[in-house]
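K.L.:
Keeping their order, the protein sequence lines are chains Z and Y.
To get the working numbering, take the position in the first sequence, counting from 1, and add 618.
To get the working numbering, take the position in the second sequence, counting from 1, and add 54.
Glycine included, each C-beta is placed from N, C-alpha and C at the ideal position.
One structure, as structure tokens, below. Some questions next.
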Amino acid sequence: MKTVTEQEINKLKLTAVKIRKHIIEMLYLAKSGHPGGSLSAVEALVSLYFVHMKHNPKKPEDPNRDRFILSKGHAAPALYAVLAECGYFDVSELKKLRQIGSILQGHPVCKYTPGVEASTGSLGHGLSFGNGVALAGKLDKKNYRVYVMLGDGEMDEGQVWEAAAVASHYKLDNLTALLDRNYLQIDGNTEEVLRLEPVKERWNSFGWHTIEIDGHDIREILDALKKAEQHKRQPTIIILNTVKGKGVSFMENNVDFHGVPPNEIERDLAIEELELVEKKLEALL
Amino acid sequence: MSKKIMVNPRNAYGEALVELGKKHKNLVVLDADLSKSTKTIMFAKKYPNRFFEMGIAEANMISTAAGLASCGKIPFASTFAVFATGRVYDQIRMDIAYSNANVKIFATHGGISVGKDGASHQMIEDLALMRALPNMIVIAPSDATQTKKIVHLMAETYGPMYARVGRADAPLIYNEKDVEDIEIGKGMVVEDGEDITFIATGTMVEPALEAKKTLIKQGIDACVIDMHTIKPLDTQLVLKYAKKTNGIITAEEHSIIGGLGAAVAETLIEKSISTKFLRMGIKDIFCESGDPVDLLEKYELNSKHMVKKAKKLLK
């Protein structure tokens with residue numbers, strides 16, 4: 619893979635801002651949903667869908683496509699915005715999030731939305747599902763890769779560790795997990811609710827190759843994805859150190875915005891902040 | 055009386071998987087450390103690369119099966135009925151039923167005839183749990199011949215399905231010709247009758263046939279329906295026999311809540327059919343350890359009790 623230029627990184631940053639604006643608007647219109655964990659996942663999703671993954675929005679069922687599974691299904695707005703911007707469906711659909719008859723359910727459903735691979739929303743399932751996709755890939759000798767995004771609160775679920783054991787047992791090097799390590803879950807800090815650290819060592823001890831990076835640095839994410847792809851005989855987990863609510867000052871590290879949408883004033887403030895960043899980035903291009 | 059030929063439906067399942075494995079290259083099998091008991095080991099030996107041992111981690115097994123199905127595989131996931139349903143209800147709900155995934159859950163050791171392991175292992179709520187899930191087809195085959203045919207039908211019909219058989223050897227009811235034309239969702243009239251109808255599923259079909267033989271000597275002509283599919287229920291057949299005969303007894307190795315009996319009752323009452331009606335099953339209790347024959351006697355799930363209840367109902 620060729621190196622990504624500074625110009626391209628700036629373009630991706632701009633895309634990330636656009637996605638964040640969509641997230642804010644969608645949640646404001648839906649009057650419900652999860653801003654915090656959607657905003658923290660943006661750079662990873664942008665890096666995957668706009669650079670790293672092999673996929674074609676015109677052929678969402680292509681058997682050779684790379685697959686992305688959003689195990690932390692409450693970050694659906696981020697995924698939907700990215701899929702829309704890629705062209706899986708019209709951007710105008712985003713306004714209908716969580717409304718009756720919409721293809722965009724509150725949490726992802728594979729049969730409703732083009733580009734959504736797995737139905738999630740009940741935490742802990744996605745990595746197991748990814749194992750199935752990765753096993754099928756090995757069996758069929760296909761070259762596609764499987765990406766699963768997990769939440770750090772989600773690590774509390776026992777099934778994640780069942781899946782972790784199975785993925786390393788079967789040496790699923792075609793599988794990469796991405797951990798959105800934003801340190802917050804509904805009841806508070808992950809270390810106070812149910813201690814997760816030392817998270818890297820936990821994954822290492824389960825036989826995984828681990829990489830820890832700044833989860834908002836697109837260049838670091840792209841490098842890590844490449845390293846994961848090159849690593850053989852072990853699945854890789856990329857621990858993305860992130861900020862919950864990233865990009866909107868009053869939502870950052872604020873657990874109150876886990877599952878509460880912005881009101882009108884908050885929406886306006888958030889959009890204003892994001893547009894400032896947008897302008898700065900546009901000036902660089 | 056001719057001696058009954060006993061065949062284990064679990065073996066029929068294993069044999070069917072081996073047959074299907076040859077025919078369908080996309081058929082895969084998963085098990086949770088019980089392959090010797092569920093008989094998926096027969097497939098594992100023949101097609102080791104298409105068999106996935108998942109360890110004692112059923113939740114992961116179910117979601118993994120869904121992932122495999124999303125790539126066009128036909129996964130059969132097997133373990134005991136307790137672990138195949140209650141333990142993994144959320145995984146089945148999200149990844150299989152809600153996603154309308156082409157996953158087949160085939161459970162063994164259903165019902166109380168598991169015997170001495172006790173109530174922890176006697177699954178009597180699985181049919182109810184699976185019936186409540188949209189998109190899910192629910193099946194309880196009655197003998198080895200039918201089991202084999204049903205496993206073939208499951209593999210060759212798209213959609214989420216749950217099937218369960220018992221642990222024990224079961225008397226053969228059918229030959230291959232008898233089951234040639236069976237369809238998922240269509241009950242079988244095994245023995246016709248005029249006076250009362252047994253609608254039985256799974257392990258209760260054979261005792262119902264025994265009960266019929268006894269009843270006929272006492273002047274009662276019973277019909278026996280093998281309702282191998284609990285969902286979708288063959289409501290037409292239920293209504294036909296509710297009208298044709300003077301009473302209906304449902305029989306299942308399952309709680310009287312939510313399974314076959316409940317499904318039949320719902321059908322009757324919604325069509326305002328007034329008939330004598332009785333559900334035979336486990337009466338909302340946990341059972342206990344014991345020899346299967348003794349358990350079925352204590353909890354009134356054998357031909358002797360069917361005879362008694364039929365006579366009482368028609369009085």
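Using the three-state DSSP reduction, which class does Y:Met55 fall into: helix, strand or coil?
P.N.:
Annotation note: pLDDT 46 at Y:Met55 (below 50); position unreliable, no value reported.
K.L.:
By the 8 Å beta-carbon criterion, what residues does the region 661-672 of chain Z contribute toward chain Y?
P.N.:
Listed by position along the chain: nothing, the set is empty.
K.L.:
What is the DSSP secondary structure of Z:Arg685, reduced to helix, strand or coil?
P.N.:
If DSSP states are grouped into helix, strand and coil, Z:Arg685 belongs with the strands.
K.L.:
Please report the distance separating the alpha-carbon of Z:Asp832 from that of Y:Lys158.
P.N.:
Each residue's Cα considered, the two are about 42 Å apart.
K.L.:
Would you call the region 758-777 of chain Z in contact with the region 623-636 of chain Z, where contact means no fewer than 3 C-beta pairs closer than 8 Å?
P.N.:
At 8 Å Cβ cutoff, the stretches do not touch.
K.L.:
Kindly list the residues whose CB is nearer than 7 Å to the CB of Z:Lys639, restricted to its own chain and excluding five residues on each side of it in sequence; keep chain order.
P.N.:
Answer for Z:Lys639: Ile889 and Leu892, listed in chain order.
K.L.:
Can you find the residues in the same chain that come closer than 8 Å, C-beta to C-beta, to Z:Ala702, ignoring five residues on each side of it along the sequence?
P.N.:
Cβ neighbours of Z:Ala702 beyond the five flanking positions: His640, Asp708, Val709, Glu711 and Leu712.
K.L.:
Can you list, in chain order, the stretches of the alpha helix (DSSP H) that have 4 or more residues and sit fully within the region 635-683 of chain Z?
P.N.:
Counting whole runs of 4 or more residues, the region 635-683 of chain Z contains the alpha helix (DSSP H) stretches 653-657 and 660-665.
K.L.:
Would you list the one or two residues that DSSP bridges to Y:Ser309?
P.N.:
DSSP, once it has assigned bridges, lists Y:Ile336 as partnering Y:Ser309.
K.L.:
By a C-beta neighbour count over all protein chains shown, 10 Å radius and 16 as the cutoff for buried, is Z:Glu661 buried or exposed?
P.N.:
Buried: at least 16 other Cβ atoms inside 10 Å.
K.L.:
With DSSP as the reference, identify every bridge partner of Y:His78, one or two as the case may be.
P.N.:
Y:His78 pairs with nothing; no bridge assigned.
K.L.:
In chain order, what residues of the region 719-751 of chain Z put their CB closer than 9 Å to some CB of chain Y?
P.N.:
The region 719-751 of chain Z vs chain Y, Cβ under 9 Å: Val727, Cys728, Lys729, Glu735, Ala736, Ser737, Thr738, Gly739, Ser740, Gly742, His743, Gly744, Leu745, Ser746, Phe747, Gly748, Asn749, Gly750 and Val751.
K.L.:
Taking the alpha carbon of Z:His787 as the point to measure from, which residue in Z:Ile804, Z:Asp835, Z:Asn822 and Z:Lys714 has its own alpha carbon closest?
P.N.:
Of the candidates Z:Ile804, Z:Asp835, Z:Asn822 and Z:Lys714, the one whose C-alpha sits nearest the C-alpha of Z:His787 is Z:Asn822.
K.L.:
Where does Y:Val347 land, buried or exposed, given buried means 16+ other C-beta within 10 angstroms?
P.N.:
Answer is exposed; the Cβ neighbour count stays below 16.
K.L.:
Give me the subset of the region 111-132 of chain Y whose CB atoms are less than 9 Å from a CB atom of chain Z, sorted by chain position.
P.N.:
Correct list: Ala111, Glu112, Ala113, Asn114, Met115, Ile116, Ser117, Thr118, Ala119, Ala120, Gly121, Leu122, Ala123, Ser124, Cys125, Gly126, Lys127 and Pro129.
K.L.:
I need the straight-line Cα distance from Z:Ile627 to Z:Leu899, nearest angstrom please.
P.N.:
Taking the straight line joining both Cα atoms gives about 10 Å.
K.L.:
Expressed to the nearest angstrom, what Euclidean distance is found between the alpha-carbon atoms of Y:Gly239 and Y:Glu260?
P.N.:
If you take the alpha carbons of Y:Gly239 and Y:Glu260, they lie about 20 Å apart.
K.L.:
In three-state DSSP terms, what is Y:Tyr216?
P.N.:
Strand at Y:Tyr216.
K.L.:
Which chain Y residues are close to Z:Leu753, counting only those with a beta carbon under 9 Å from its beta carbon?
P.N.:
Those are Val82, Phe106, Thr118, Gly121, Leu122, Cys125 and Lys127, listed as they occur along chain Y.
K.L.:
Looking at C-alpha atoms only, which residue of Y:Ile150, Y:Leu349, Y:Lys58 and Y:Glu306 is the closest neighbour of Y:Leu332?
P.N.:
With distances taken between Cα atoms, Y:Leu332 lies closest to Y:Glu306.
K.L.:
Using 8 Å for Cβ pairs, my map puts Y:Ile303 next to Y:Ala364. What's the rounded Cβ distance?
P.N.:
Their Cβ separation, rounded to whole angstroms, is 6 Å, which keeps Y:Ile303 and Y:Ala364 in contact under 8 Å.
K.L.:
How should Z:Gln803 be labelled, buried or exposed, when 16 other C-beta atoms within 10 angstroms of its C-beta is the threshold for buried?
P.N.:
Buried, since its Cβ has 16 or more Cβ neighbours within 10 Å.
K.L.:
Three Cβ pairs or more, each shorter than 8 Å: is that satisfied between the region 247-258 of chain Y and the region 278-296 of chain Y?
P.N.:
A contact exists between the region 247-258 of chain Y and the region 278-296 of chain Y.
K.L.:
So with CB distances below 8 Å, who are the chain Y contacts of Z:Val784?
P.N.:
Residues of chain Y passing the Cβ test: Met108, Gly109, Ala111, Asn114 and Thr118.
K.L.:
Taking Cβ positions, are Z:Arg851 and Z:Tyr762 nearer each other than 8 Å?
P.N.:
Against a cut-off of 8 Å, the Cβ pair of Z:Tyr762 and Z:Arg851 comes out as no contact.
K.L.:
Does Y:Ile284 pass the burial test, meaning 16 or more other C-beta atoms within 10 Å, or should it be called exposed?
P.N.:
By the 10 Å Cβ count, Y:Ile284 comes out buried.
K.L.:
If you measure from the beta carbon of Y:Met55 to each beta carbon in chain Z, is any gap under 8 Å?
P.N.:
Bear in mind that the predicted position of Y:Met55 carries a pLDDT of just 46, short of 50, making it unreliable; the figure below should be weighed with that in mind. Taking Cβ atoms only, chain Z never reaches closer than 8 Å to Y:Met55, which makes this a no.
K.L.:
Enumerate in chain order the residues of its own chain whose CB-to-CB distance from Z:Ile571 is below 6 Å, with the five nearest sequence positions on each side excluded.
P.N.:
Beyond the ends of chain Z as shown, which are 619 and 903, falls residue 571 of chain Z; an answer cannot be given.
K.L.:
For the alpha helix (DSSP H) that Y:Phe160 lies in, which residues bound it at each end?
P.N.:
Segment Lys158 to Thr162 is the beta strand (DSSP E) holding Y:Phe160; no alpha helix (DSSP H) there.
K.L.:
Between which two residues does the alpha helix (DSSP H) containing Z:His787 stretch?
P.N.:
Run containing Z:His787: Gly776 to His787, per the alpha helix (DSSP H) assignment.
K.L.:
Take the Cβ of Z:Ala694 as the centre, count every other Cβ of all protein chains shown within 10 Å, and call the residue buried at 16 or more, exposed below.
P.N.:
Buried.
K.L.:
Anything in chain Y within Cβ reach of Z:Lys780, meaning under 7 Å, just list it in chain order.
P.N.:
What sits at residue 780 of chain Z in the sequence shown is Glu, not Lys. Simply Ala111, Ala113 and Asn114.
K.L.:
In the region 175-225 of chain Y, which residue ranges form an unbroken alpha helix (DSSP H) of at least 4 residues, counting only runs that do not cross its ends?
P.N.:
Whole alpha helix (DSSP H) segments, 4+ residues: 180-185 and 198-210.
K.L.:
Can you give the Cα-Cα distance for Y:Lys77 and Z:Glu882, rounded to whole angstroms?
P.N.:
For Y:Lys77 and Z:Glu882, the distance between alpha carbons rounds to 60 Å.
K.L.:
Mapping the DSSP letters down to three states, classify Y:Pro346 as helix, strand or coil.
P.N.:
Y:Pro346: helix per DSSP, three-state reduction.
K.L.:
Determine the extent of the beta strand (DSSP E) in which Y:Gly315 is found, giving its start and end residues.
P.N.:
Unbroken run through Y:Gly315 is the alpha helix (DSSP H), Leu314 to Glu324; no beta strand (DSSP E).
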